[in-house]
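S.K.: Starting off with a structure, shown below.
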Amino acid sequence: MDNPWLLLLLGVLVPFLSYTLWGWIELARLSHASLP
Amino acid sequence: MSAPTLALDVSTPRPAGNHAASRVRVCGTTGLPVCLTAETFIRLHAVAAVVFLLVGGIAAILLGLTRWPAVHLLPAQMYYRLLTLHGLNMLIFWIINFEIAILYFAGTVLLNSRLFSKGLAWTGFGLMTGGSLMVDYAIYQGGSDVLMTSYLPLIAAPPFYLGIILFAVGALISVGNFFGTLYIAKRDRTYQGSVPLVVFGATAAAIIAVVTLLHGAIVMIPTFLLSIGVVSHVDPAWYRATWWGLGHMSQQINVCAMVSVWYLIGTLTTGAKPLNQAVCRGAFVLYILFINLASAHHLLVDPGVSATWKIWNTSYAMYLAVLASMIHGFTVPASVEAAMRSKGHTRGLFGWLTAAPWGNPAFSGFLLSLVIFGFGGGITGVTLGTQQINIMAHNTLRIPGHFHMTVVGGTSLAFMAVTYYVVPLIFRREFYARALCRIQPWLFGIGIAMVGVGMSFAGSYGVPRRHWDIEFTGATFSTGFDSGAHVMLGLMGIGAVLAFLGLLLYILLTVAAVFFGRRITEGAMAPWHIERRPARSVPVNPALTKPIAVPGALALALVFQACFAVYYFANWLWLSDVWHVR
Amino acid sequence: MSIDQPTADWFKAPHGEERVWIGIAFLWCMVMTIAMPYWYLFGKQNSIGESYRVTPAEFGQRVGRFVETNRVGEDQGFPVVQPAPGGDAYLQASMWMWYPILKLKKGQTYRVHISSLDLQHGFSLQPLNMNFQILPGYDHVLTLTPTSSGTFSIVCNEFCGIGHHTMTGRIVVED
């Protein structure tokens, strides 16, 4: 807890991977509508 | 003879700081070393913050009087324009400027260090100020009525986006300056061991600011390029997901900064000490890791992202970040209780609270902020952010109801409260009209609570947010809302008037003090309250190592938990009544 | 105090009321953690975000065909369209209307495809207060089962320009 640099790294990486990158991947994997 | 208002522990000698001899002064009230360079920038950012608060506040009352259907003040285009202005000036310009001031304070004064770089401070301030003026001018010109979120494919004028980018870069540079200060403080051994808790909280805020501003850059740069025709398409779903990395994560900076300010005010007004440093710091670490996942709150009924993504992220990783808030919500009042009990105020369950310095506007503002944020903002936020419950809430007025209780009744009120120390200690001026200072937090707090409650209830009738006319004049298919919704909007309107008066009062009192207040040239600031001796003085043995029990804070926390459970389950019940949908 | 350096041995376990509260709060967080997956599996109201990429032109065309094949009436110049029970229905949002009017049967399940031809819009069904986000380029599919009958309004609750507050629509459900 006394290492702000480690906390900075984790604080950027964890939300970016879990929220942003994962979200982008989901959007990229959408398929085209068949409109039945 | 009155007891000192600031019961600070100055018995432990401080290590030598790293200031140049002419660039530091010792505070006459707290004994803390104040870096004069940092002081300049605390002042500049605090002044900028208040200027944008005024701009946002004038917009606020006009908007409130428009959404109050009985008044319906503004015409449609002006409503959407001022709504754009209000969101940006409050959620970004007012609040981030104040937070940079807090970072400069925490990194220097509390660490006995000089500011890392004057050049970076000027650059950051310049870019932030230039950027915000550019945005406000773009809005004023009329080509950027896109609301704060500026959702593509709605497009604004290029200076709108460029201004936001410049502001974000300036803020990032200022946050970098804070990290630089942490670095030199450690390198120059200006403090021993771990940093104080308030500094740790400020660091958490700074870390969240970095990830927020990075998202801002990632979303705004392509959008700016779109607005000038360099890029031909930016996907709206990608934009939403990335923008909320800026939009919601910035609110989490506000949470961390607010909680840090709560600890600070608790100490300054009652001598409160954290009961357990590991618990408080652990809670901040949970914030750092998980609170930002909740940007997913805004995408819960969106196409494109799956239920798994929605549920995991909106849960802040199994609610660990909510646990952190619930912890702070207890430890902050508990530390006040422990401090008051140790001074002898031990009557009953809440004698410590009734004897607390309510006549001190910093204290009353702080406690109001805690209650409004916790009971109002926190409970509604977690509930509305529940994936399925959001079906009943998305884009209704329940959302602004929630966030007016968190970021306005919570963070902004806490910032107003701490101003009652910032002005005497950093600007070194006394406030006039102290009786008015004492009522200001109540006027603002009660007003904004009414705004939040009125909006929340109106929203539960289905009233939409960001909407000029809920009578739908001119629509092909007529519709409307229950009269109960109109009553609630009236409550919101009256609350808006009170809150605006409270905001105006804060600005007038602060400006009068900063420019015309009696200078404090030496010695301590005039105390806001006189320490009261308890009716029956219970002598406390300082050698007693047994920690002080805090049953009052626990009782309050249990009441909070009960309210939370009732509200949460009631919402699930209401959800079960709507149509089936998947 | 919160502004002083802590003593060197600050890393201690919580005790007393603090420990009790952390325990209660943690339990509550676990209750909330289970609630969403529980409702996902057993609850009847969910937003799984089922969607597909589509161009506004393609979607507009499909809506046109849907109206042609399933039209049963008209109201205020808008076609009233009845999808087959259990079948697909199409609804387009554009500045500033919802087209067409859907006529559904209570208790039947429909796959309602909603998209926008221009900006982002908010599908807000009143007075039920069910709300979903509608994006251009995305076919947002709601598997919907009306559990009540009557005439319902669609309000747009995502800002979409100066006519935003006039953007209303209708859904009719018969028994």
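Residue numbers (the numbering used here), protein chains in the order written: chain E, 2 to 37; chain L, 950 to 1531; chain F, 21 to 195. Cβ atoms here follow ideal geometry from the backbone N, Cα and C, with glycine treated the same way. These figures come from a predicted structure and were not determined experimentally.
1. May I ask you to verify whether the segment 1304-1316 of chain L touches the segment 1383-1397 of chain L, counting CB pairs closer than 8 Å and requiring at least 3?
2. Report, in whole angstroms, the separation of the C-beta atoms of residue 1272 of chain L and residue 1235 of chain L, which I expect to be a contact under 8 Å.
3. Give me the chain F residues within the contact set of residue 1212 of chain L, using Cβ-Cβ distance strictly less than 7 Å, ordered along the chain.
4. Determine, using beta carbons only, whether residue 82 of chain F comes closer than 7 Å to chain E.
5. Terminal residues of the continuous beta strand (DSSP E) containing residue 64 of chain F?
6. Among F:116, F:179 and F:92, which residue has its Cα nearest to the Cα of residue 192 of chain F?
7. Assuming contact is defined by CB atoms lying nearer than 7 Å, are residue 1004 of chain L and residue 1038 of chain L in contact in what I supplied?
8. Starting from the beta carbon of residue 1128 of chain L, find every residue of chain F whose beta carbon is closer than 9 Å, and list them in chain order.
9. Short of 7 Å in beta carbon distance, which residues of its chain neighbour residue 31 of chain E, apart from the five on each side in sequence? Order them along the chain.
10. For residue 1365 of chain L and residue 1407 of chain L, which I take to be in contact (beta-carbon distance under 8 Å), what is that distance rounded to the nearest angstrom?
11. Report the neighbours of residue 8 of chain E on chain L: residues whose CB is nearer than 8 Å to its CB, in chain order.
12. Rounded to a whole number of angstroms, what is the C-alpha to C-alpha distance between residue 24 of chain E and residue 1359 of chain L?
13. Taking 8 Å as the threshold, find out whether the segment 1022-1031 of chain L comes into contact with the segment 1433-1449 of chain L through three or more Cβ pairs.
14. Which residue's Cα is closest to the Cα of residue 1465 of chain L: L:1382, L:1269 and L:1403?
15. Tell me which same chain residues have a C-beta within less than 6 Å of the C-beta of residue 954 of chain L, skipping the five on either side of it?
16. Using a Cβ-Cβ cutoff of 8 Å, what residues of the segment 1266-1282 of chain L are near chain F? List them in chain order.
17. Out of L:1337, L:1457 and L:1469, point me to the one whose CA is closest to residue 1529 of chain L's CA.
18. Within its chain, find whatever has a CB closer than 8 Å to the CB of residue 952 of chain L; leave out the 5 residues flanking it on each side and keep chain order.
19. With distances taken between CB atoms, is the gap from residue 1077 of chain L to residue 1112 of chain L smaller than 7 Å?
20. Are the C-beta atoms of residue 28 of chain E and some chain L residue less than 7 Å apart?
21. Could you have a look at residue 1203 of chain L and say whether DSSP puts it in helix, strand or coil?
22. Can you find the residues in the same chain that come closer than 8 Å, C-beta to C-beta, to residue 1410 of chain L, ignoring five residues on each side of it along the sequence?
23. Below 8 Å between beta carbons is the criterion; list the residues of the segment 8-23 of chain E that meet it against any residue of chain L, in chain order.
24. Does DSSP put residue 1295 of chain L in a helix, a strand or coil?
25. Could you give the DSSP three-state label for residue 1402 of chain L: helix, strand or coil?
26. Beta-carbon within less than 8 Å of residue 1106 of chain L's beta-carbon, same chain only, minus the 5 sequence neighbours each way: which residues are those?
27. CB residue 138 of chain F to CB residue 117 of chain F, shorter than 7 Å?
28. Establish whether the CB of residue 73 of chain F and some CB of chain E are separated by less than 7 Å.
29. Are the CB atoms of residue 1216 of chain L and residue 135 of chain F within a distance shorter than 7 Å?
30. Tell me the residue span of the alpha helix (DSSP H) that contains residue 32 of chain F.
31. For a cutoff of 7 Å on Cβ pairs, would you count residue 64 of chain F as touching chain L?
32. Can you look up residue 176 of chain F in the DSSP assignment and give me helix, strand or coil?
33. Can you name the residues that DSSP bridges to residue 171 of chain F?
34. Can you look up residue 984 of chain L in the DSSP assignment and give me helix, strand or coil?
35. For residue 1416 of chain L, return the contacting residues in chain F, with the cut-off set at a CB-CB distance below 9 Å.
36. Tell me the DSSP bridge mates of residue 141 of chain F?
M.R.: For this structure:
1. Segments in contact, yes.
2. Residue numbering aside, residue 1272 of chain L sits at position 323 when the second sequence is read from its first letter. Residue numbering aside, residue 1235 of chain L sits at position 286 when the second sequence is read from its first letter. With 8 Å as the limit, residue 1272 of chain L and residue 1235 of chain L qualify as a contact, their Cβ atoms being about 7 Å apart.
3. Translated into positions along the second sequence, residue 1212 of chain L becomes position 263. Proximity of chain F to residue 1212 of chain L at the Cβ level (cut-off 7 Å) is accounted for by 22, in chain order.
4. Stepping through the third sequence from its first residue, residue 82 of chain F is reached at position 62. Residue-level contact by beta carbon holds for residue 82 of chain F and chain E, with a gap shorter than 7 Å.
5. Within the third sequence, residue 64 of chain F is the residue found at index 44, counting from 1. Where residue 64 of chain F is concerned, there is no enclosing beta strand (DSSP E), given that its DSSP letter is neither H nor E.
6. Your numbering for residue 192 of chain F matches position 172 in the third sequence. It is F:92.
7. Counting from one through the second sequence, the residue named residue 1004 of chain L turns up at place 55. Counting from one through the second sequence, the residue named residue 1038 of chain L turns up at place 89. Contact: yes.
8. Here the question's residue 1128 of chain L lines up with position 179 in the second sequence. Neighbours of residue 1128 of chain L on chain F: none; closest Cβ ~19 Å, over 9 Å.
9. As a position in the first sequence, residue 31 of chain E is number 30, starting the count at 1. Nothing meets the Cβ criterion.
10. Within the second sequence, residue 1365 of chain L is the residue found at index 416, counting from 1. Within the second sequence, residue 1407 of chain L is the residue found at index 458, counting from 1. In this structure, residue 1365 of chain L and residue 1407 of chain L do not form a Cβ contact; the two beta carbons are roughly 26 Å apart against a cut-off of 8 Å.
11. Translated into the one-based positions of the first sequence, residue 8 of chain E becomes position 7. Neighbours of residue 8 of chain E on chain L, chain order: 1152, 1153, 1156, 1234 and 1237.
12. Translated into the one-based positions of the first sequence, residue 24 of chain E becomes position 23. Translated into the one-based positions of the second sequence, residue 1359 of chain L becomes position 410. Rounded to whole angstroms, residue 24 of chain E to residue 1359 of chain L spans 30 Å at the Cα level.
13. Fewer than three pairs of CB atoms, one per stretch, sit closer than 8 Å, so the segment 1022-1031 of chain L makes no contact with the segment 1433-1449 of chain L.
14. Reading the second sequence from its first residue, position 516 is the one you call residue 1465 of chain L. Of L:1382, L:1269 and L:1403, the residue nearest in Cα terms is L:1382.
15. Taking the first residue of the second sequence as position 1, residue 954 of chain L is located at position 5. In this predicted model, residue 954 of chain L has a pLDDT of only 43, less than 50, meaning its place in the structure is not dependable enough to derive any value.
16. Flagged, chain order: 1267, 1268, 1269, 1271, 1272, 1275, 1276, 1279 and 1280.
17. Position 580 of the second sequence holds residue 1529 of chain L. Ranking the options by Cα distance to residue 1529 of chain L, first place goes to L:1337.
18. Translated into the one-based positions of the second sequence, residue 952 of chain L becomes position 3. With a pLDDT of only 34 at residue 952 of chain L, under 50, the local geometry of the prediction cannot be trusted, and no value is derived from it.
19. Taking the first residue of the second sequence as position 1, residue 1077 of chain L is located at position 128. Taking the first residue of the second sequence as position 1, residue 1112 of chain L is located at position 163. In terms of Cβ geometry, residue 1077 of chain L and residue 1112 of chain L do not form a close pair [threshold 7 Å].
20. The residue labelled residue 28 of chain E in the question sits at position 27 within the first sequence. Contacts with chain L at 7 Å (Cβ-Cβ) include residue 28 of chain E.
21. The residue you call residue 1203 of chain L lines up with position 254 of the second sequence. The three-state secondary structure of residue 1203 of chain L, taken from DSSP, is helix.
22. Translated into the one-based positions of the second sequence, residue 1410 of chain L becomes position 461. Here the set comprises 1430, 1431, 1433, 1434 and 1437.
23. Cβ contacts with chain L: 8, 9, 11, 12, 13, 15, 16, 17, 19, 20, 21 and 23.
24. Here residue 1295 of chain L corresponds to residue number 346 of the second sequence, with the count starting at 1. Three-state DSSP puts residue 1295 of chain L in coil, outside helix and strand.
25. The residue you call residue 1402 of chain L lines up with position 453 of the second sequence. Here residue 1402 of chain L sits in helix by DSSP.
26. Numbered from 1 along the second sequence, position 157 holds the residue referred to as residue 1106 of chain L. Contacts found: 1087, 1090, 1092, 1093 and 1176.
27. Within the third sequence, residue 138 of chain F is the residue found at index 118, counting from 1. Within the third sequence, residue 117 of chain F is the residue found at index 97, counting from 1. Using a Cβ distance threshold of 7 Å, residue 138 of chain F and residue 117 of chain F do not count as a contacting pair.
28. Stepping through the third sequence from its first residue, residue 73 of chain F is reached at position 53. Closer than 7 Å to some Cβ of chain E, the Cβ of residue 73 of chain F qualifies, so yes.
29. What you label residue 135 of chain F is simply residue 115 of the third sequence in a count that begins at 1. What you label residue 1216 of chain L is simply residue 267 of the second sequence in a count that begins at 1. The answer is no: Cβ separation not under 7 Å.
30. For the purposes of this step, residue 32 of chain F is taken as the residue at position 12 of the third sequence. For residue 32 of chain F, no alpha helix (DSSP H) run applies, since DSSP gives it neither H nor E.
31. Here residue 64 of chain F corresponds to residue number 44 of the third sequence, with the count starting at 1. Yes, residue 64 of chain F counts as interfacial toward chain L.
32. Here residue 176 of chain F corresponds to residue number 156 of the third sequence, with the count starting at 1. Strand at residue 176 of chain F.
33. Numbered from its first residue, the third sequence carries residue 171 of chain F at position 151. For residue 171 of chain F, the pairing in a beta bridge is given by DSSP as F:192.
34. For the purposes of this step, residue 984 of chain L is taken as the residue at position 35 of the second sequence. Correct three-state label for residue 984 of chain L: strand.
35. Along the second sequence, read from residue 1 onward, the residue named residue 1416 of chain L stands at position 467. Using a Cβ-Cβ cut-off of 9 Å, residue 1416 of chain L is close to 175, 176, 177, 179, 184 and 185 of chain F, given in chain order.
36. Taking the first residue of the third sequence as position 1, residue 141 of chain F is located at position 121. According to DSSP, residue 141 of chain F bridges with F:154.
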